[in-house]
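Engineer: Have a look at this one.
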Amino acid sequence: MTKQYALGIFDDEDVLLHAVENVRAAGVKIYDVFSPYPVHGIDDALGIERSRLPIAAFFFGLTGLSFALWMQIYMLGVDWPMIIGGKPHISLPAFVPVAFELTVFFTCHGMALTFFTITGLYPRFKVPVMDVRATDDKFVMAIELDETGSQYSRLTQLLRDNGASEVNQKEMTNN
Amino acid sequence: MQHVSSLREPLVTGGKTLHDVTQDICYQVEAKPNLRWMAALSVALFFLGVFFYSVYRTVWYGIGEWGLNKTVNWAWDITNFVWWVGIGHAGTLISAVLLLFRQKWRSSINRAAEAMTIFAVICAAMFPVLHMGRPWLAFWVFPLQNTFGSLWANFNSPLLWDVFAISTYFTVSLVFWYIGLIPDFASIRDRAKGPIARFSYSMLSFGWKGSAKAWSRYETVSLILAGVSTPLVLSVHTIVSMDFATSVVPGWHTTIFPPYFVAGAIFSGFAMVLTLMLITRVVFRLEDYITLEHIALMNKIMMVTGSIVGVAYITEFFIAWYSQVEFEGYAFINRATGPYWWAYWSMMTCNVITPQLVWLRRVRYSIGLTFVLSIIVNIGMWFERFVIIVTSLHRDYLPSSWAMFSPSIIDIGLYLGTLGLFFTLFLLFAKFFPVINMAEVKTILKYTGDNGPTYNPKAHAAHAHHPATHGAPASAPVTHNQHD
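Heads up: the protein sequence lines correspond to chains A and B, in order.
With positions in the first sequence counted from 1, the corresponding number in this note's numbering is that position plus 117.
With positions in the second sequence counted from 1, the corresponding number in this note's numbering is that position plus 572.
This is the structure we're talking about:
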């Protein structure tokens, strides 16, 4: 299924930021904004909620820590106790380094995998983009049009009034 | 939006626009490899061949090919291991610690420095694996039940901690580096002309489009990865130092080792970053991105960490005397005046005395001197590890077993070989990957480039006389409610 989008192309992050606020204030729903680098303040302007990734990271870390402690206590304390250097079987201070490393390991990889999964990042043969300049030097605001595309002229005016250097129409196959 | 003082030196010079950044950095990815690059790669490949030959000799004939003897049973292998791991640390310091401290100048150098980390850790990992003698049994270091009984790995051993530390460090650095590369791969993909390039960079870019939500998550992930990498990088060299510090060998058995090793690691790492950056900026014409200001800042970090290392050397000596432990005292007197005095004094000269030249502004801002200095520091840090390992071992408690160490040709081949491996990887990276983080440089461009609204060279010149009369130009769209 293909969809029509109106693309407002902006040259400057601050102009874009104000445009996002004004377009939303005019009651238009923004599909997405594509930029070559993270624009600070755009989350608030677009109403993107704070990511819950840090919470996930915490629980991944907790998993790593628990796993590491369980592993070391089980292996050296329960399954095959051995006297090493006359120390207790479960000598917790010696287990700290591995516990720490595995906490970091689980946090990092758990969070990276979560990030890739929820953002839909995985190797692909072809990547259809709205406008190739969005990864170079332009800021692209995409607004979804209905099937007739009737709002296009009104949106063109709105985007132009808010500083868009050009406005294009683009058809994208839904992916 | 960001606010940057008009007094700050611009981080990117040459009046670059966003498009210029893409253009300049993608240029060497898209251009045909030039002759200098090919020449450098052939030298690196030659040494890579030396590496493979030395590995073959080591694996086929055993570690008897090395110059080790019954007394000195750790020498070049572990020296090289610690040296390479240490070099890696600067990359993480730049990518993680400086990110947390909001040091924007890191943007131009973090990509290459992180690449250096990854390649240095690969080189480092060769040595512990090879010095096992039977590297095909390397999986024994993992906590797997062995096939002869139900023994597990010994978690009380710092050598095992090292396995976990290095593997975590390597994989975390790799993921951190790759996530940073994704948006830049997307930039290259969207410019790519040929079908092979478009296909490869589509695959590498993981379908990145730069949508606002993706960027928001990207920043969250970067921050948290930086947050966990910071203690991680400190832990890695701490654990490496514990390989020595938890033993009872005089000269190794010191509590000062963890901070001393971490400072030394950052010291040598920054030296290597400088060596690589000074070459890269010239070869790829990136002088506007890696400016003299960057070089001076890295020099300062090198000087600070070098001084910490100097204090550590002196403290070690003092404690050897103050503890009144006969063997400890002898180990240190032997270091400075024994048969390996030349190694000790090379280390002292290279690591403690020469970096102090950086106090002079002229040296700090001089490309030639910085380059020479960075090489000297790398040599000095290699000697540091050699001194710690070999001079502590070669005269043990039993004078009849005292011995000297001399490297075999295979020892030397392995060391030069890992240099070949490192430079092969780095040159391939520099050709096919963007050497500077484009997305991040673009973030800082508007406010810290010399064409930005806030930088005012006149104000800069007038600063000494009228500090209160200037600021950002009134027209500049600068807000002060800036939280980052």
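Beta carbons are placed, not taken as given, at the ideal position from N, Cα and C, and that holds for glycine.
This structure is a prediction, so every number in the text was calculated from the model and none was measured.
Looking only at its own chain, which residues have a Cβ that is under 7 angstroms from the Cβ of B/Y861, when we skip the five neighbours before and after it?
Structural biologist: Here residue 861 of chain B refers to the residue found at position 289 of the second sequence. Contacts found: V584, S680, I1008 and V1013.
Engineer: Taking the alpha helix (DSSP H) that B/F816 falls in, what are its first and last residues?
Structural biologist: Sequence index remark: in the second sequence, residue 816 of chain B carries index 244 (1-based). B/F816 -> alpha helix (DSSP H) spans A784 to A817.
Engineer: When you compare each of B/A668, B/V631 and B/W733 to B/P707 by their alpha carbons, which one comes out closest?
Structural biologist: Within the second sequence, residue 707 of chain B is the residue found at index 135, counting from 1. B/P707 has its Cα closest to that of B/V631, out of B/A668, B/V631 and B/W733.
Engineer: Any chance you could list the beta strand (DSSP E) runs of at least 3 consecutive residues sitting entirely within the region 214–278 of chain A, in chain order?
Structural biologist: Listed in chain order, they are 256–262.
Engineer: How would you write the range of the beta strand (DSSP E) that A/K287 sits in, first residue to last?
Structural biologist: Counted from its first residue, the first sequence places residue 287 of chain A at position 170. Looking at the DSSP string, the run of the beta strand (DSSP E) that includes A/K287 is E283 to T290.
Engineer: For A/T234, count the other beta carbons within 10 Å of its own beta carbon; 16 or more makes it buried, fewer makes it exposed. Which is it?
Structural biologist: Your numbering for residue 234 of chain A matches position 117 in the first sequence. Exposed, because fewer than 16 other Cβ atoms sit within 10 Å of the Cβ of A/T234.
Engineer: By Cβ distance below 6 angstroms, which residues in the same chain neighbour B/F778 in space, the five residues on each side in sequence not counted?
Structural biologist: Indexing the second sequence from 1 puts residue 778 of chain B at position 206. Excluding positions up to five away in sequence, the list reads I754.
Engineer: Near B/I873, which residues of its chain fall below 6 angstroms by C-beta distance, leaving aside the five closest residues on each side in sequence?
Structural biologist: Residue numbering aside, residue 873 of chain B sits at position 301 when the second sequence is read from its first letter. For B/I873, where only same-chain residues beyond five positions count, the Cβ hits under 6 angstroms are F842.
Engineer: Count the other CB atoms, across all protein chains shown, that sit within 10 Å of the CB of B/N606; report buried if there are 16 or more and exposed otherwise.
Structural biologist: Taking the first residue of the second sequence as 1, we reach residue 606 of chain B at position 34. B/N606 should be labelled exposed.
Engineer: Closer than 7 angstroms, CB to CB, is A/A123 near chain B or not?
Structural biologist: Working through the first sequence from its first residue, we reach residue 123 of chain A at position 6. Cβ-Cβ to chain B under 7 angstroms: no for A/A123.
Engineer: Indicate the three-state DSSP secondary structure (helix, strand or coil) for B/A725 in the structure shown.
Structural biologist: Within the second sequence, numbered from 1, the residue matching residue 725 of chain B stands at position 153. Coil, per DSSP.
Engineer: Taking all protein chains shown into account, decide if A/E288 is buried (16 or more other Cβ within 10 angstroms of its Cβ) or exposed.
Structural biologist: The residue labelled residue 288 of chain A in the question sits at position 171 within the first sequence. The residue is exposed, with fewer than 16 neighbouring Cβ atoms inside 10 Å.
Engineer: Sorted by chain position, which residues of the same chain lie with C-beta nearer than 6 angstroms to B/A758's C-beta, five sequence neighbours on each side aside?
Structural biologist: Position 186 of the second sequence holds residue 758 of chain B. Hits under 6 angstroms: S777 and W780.
Engineer: Would B/A1046 count as contacting chain A if we go by Cβ distances under 7 angstroms?
Structural biologist: If you number the second sequence from 1, residue 1046 of chain B lands on position 474. Confidence at B/A1046 is low in this model, with a pLDDT of 42, below 50, so its placement is unreliable and the value that follows should be read with caution. False, the Cβ-Cβ gap to chain A never drops below 7 angstroms.
Engineer: Could you tell me how far apart the beta carbons of A/D196 and B/W646 are, in whole angstroms, since I believe they sit closer than 8 angstroms?
Structural biologist: Position 79 of the first sequence holds residue 196 of chain A. Position 74 of the second sequence holds residue 646 of chain B. At roughly 32 angstroms, the Cβ-Cβ gap does not stay under 8 angstroms, so A/D196 and B/W646 are not in contact.
Engineer: Buried or exposed for A/K243, please, with buried defined as at least 16 other CB atoms from any protein chain shown within 10 angstroms of its CB.
Structural biologist: Within the first sequence, the letter at position 126 stands for residue 243 of chain A. Classification for A/K243: exposed.
Engineer: If you draw a straight line from the C-alpha of B/L846 to the C-alpha of B/A835, how long is it?
Structural biologist: As a position in the second sequence, residue 846 of chain B is number 274, starting the count at 1. As a position in the second sequence, residue 835 of chain B is number 263, starting the count at 1. Distance between the alpha carbons of B/L846 and B/A835 is about 17 angstroms.
Engineer: Between the region 951–970 of chain B and the region 654–674 of chain B, do three or more beta carbon pairs fall short of 8 angstroms?
Structural biologist: They touch, by the three-pair rule.
Engineer: Determine the burial state of B/F714: buried for a count of at least 16 other Cβ atoms within 10 Å of its Cβ, exposed for fewer.
Structural biologist: As a position in the second sequence, residue 714 of chain B is number 142, starting the count at 1. The residue in question, B/F714, is exposed, as its Cβ has fewer than 16 Cβ neighbours within 10 Å.
Engineer: Which residues in the same chain have their Cβ closer than 8 angstroms to the Cβ of B/F618, if we skip the five residues on either side of it in sequence?
Structural biologist: On the second sequence, residue 618 of chain B is found 46 positions in, with the first residue counted as 1. The answer, listed in chain order, is G992.
Engineer: Once DSSP output is grouped into helix, strand and coil, what is the label at B/T827?
Structural biologist: Stepping through the second sequence from its first residue, residue 827 of chain B is reached at position 255. B/T827: coil per DSSP, three-state reduction.
Engineer: Would you grab the beta carbon distance between A/M228 and A/Y122 for me? Rounded to a whole angstrom, and I think it's under 8 angstroms.
Structural biologist: Reading the first sequence from its first residue, position 111 is the one you call residue 228 of chain A. Reading the first sequence from its first residue, position 5 is the one you call residue 122 of chain A. A/M228 to A/Y122, Cβ: 31 angstroms. No contact.
Engineer: Taking only beta carbons into account, state which residues of the region 181–197 of chain A come closer than 8 angstroms to chain B, listed in chain order.
Structural biologist: Taking 8 angstroms as the Cβ-Cβ cut-off against chain B, the residues of the region 181–197 of chain A that qualify are M188, Q189, M192, L193, D196 and W197.
Engineer: So that I know if they touch, is there some Cβ in chain A lying closer than 7 angstroms to that of B/T1015?
Structural biologist: Reading the second sequence from its first residue, position 443 is the one you call residue 1015 of chain B. Interface residue, yes.
Engineer: Take A/I147 and list the residues in its own chain whose beta-carbon comes closer than 8 angstroms to its own, dropping the five residues that flank it on each side.
Structural biologist: Locating residue 147 of chain A in the first sequence gives position 30, where the first residue counts as 1. Taken in chain order, the residues that qualify are V137, V140, R141, L163, M258, A259 and I260.
Engineer: Use the C-beta contact count for A/M199: other C-beta atoms within 10 angstroms, 16 or more gives buried, fewer gives exposed.
Structural biologist: Within the first sequence, the letter at position 82 stands for residue 199 of chain A. That one is exposed.
Engineer: Where do the ends of the beta strand (DSSP E) carrying A/Q121 lie?
Structural biologist: On the first sequence, residue 121 of chain A is found 4 positions in, with the first residue counted as 1. Its beta strand (DSSP E) spans residues T119 to F127.
Engineer: Could you spell out the range, first to last residue, of the alpha helix (DSSP H) harbouring B/D983?
Structural biologist: The residue given as residue 983 of chain B occupies position 411 in the second sequence. Taken as a continuous stretch (DSSP letters only), the alpha helix (DSSP H) holding B/D983 covers I981 to F1004.
Engineer: Buried or exposed: where does A/F223 fall if 16 or more other Cβ atoms within 10 Å of its Cβ makes it buried?
Structural biologist: On the first sequence, position 106 is the one that residue 223 of chain A refers to. When all chains shown are included, A/F223 counts as buried.
Engineer: Provide the residue span of the alpha helix (DSSP H) that contains A/F184, from first to last.
Structural biologist: Taking the first sequence and counting its residues from 1, the one referred to as residue 184 of chain A is at position 67. Per DSSP, A/F184 belongs to the alpha helix (DSSP H) from L170 to I190.
Engineer: To the nearest angstrom, how far is it from the Cα of B/V821 to the Cα of B/D596?
Structural biologist: On the second sequence, residue 821 of chain B is found 249 positions in, with the first residue counted as 1. On the second sequence, residue 596 of chain B is found 24 positions in, with the first residue counted as 1. Approximately 53 angstroms, taken between the alpha carbons.
Engineer: Within 10 Å of its beta-carbon, does B/F711 have 16 or more other beta-carbons around it, so buried, or fewer, so exposed?
Structural biologist: The sequence position of residue 711 of chain B within the second sequence is 139, counting from 1. By the 10 Å Cβ count, B/F711 comes out exposed.
Engineer: Spatial neighbours of A/V150 within its chain, please: C-beta separation below 6 angstroms, excluding the five flanking residues on both sides.
Structural biologist: Stepping through the first sequence from its first residue, residue 150 of chain A is reached at position 33. Within the same chain, A/V150 has close Cβ partners M258.
Engineer: A/D149 bridges to which residues according to DSSP?
Structural biologist: Along the first sequence, one-based indexing puts residue 149 of chain A at 32. Paired residue(s): A/A259.
Engineer: Taking only beta-carbon atoms, is B/H809 less than 7 angstroms away from chain A?
Structural biologist: As a position in the second sequence, residue 809 of chain B is number 237, starting the count at 1. It does not: the Cβ of B/H809 has no partner Cβ on chain A nearer than 7 angstroms.
Engineer: Can you find the residues in the same chain that come closer than 6 angstroms, C-beta to C-beta, to B/W974, ignoring five residues on each side of it along the sequence?
Structural biologist: In the second sequence, the residue the question calls residue 974 of chain B occupies position 402. Excluding residues within five positions, the ones whose Cβ falls inside 6 angstroms are R967.
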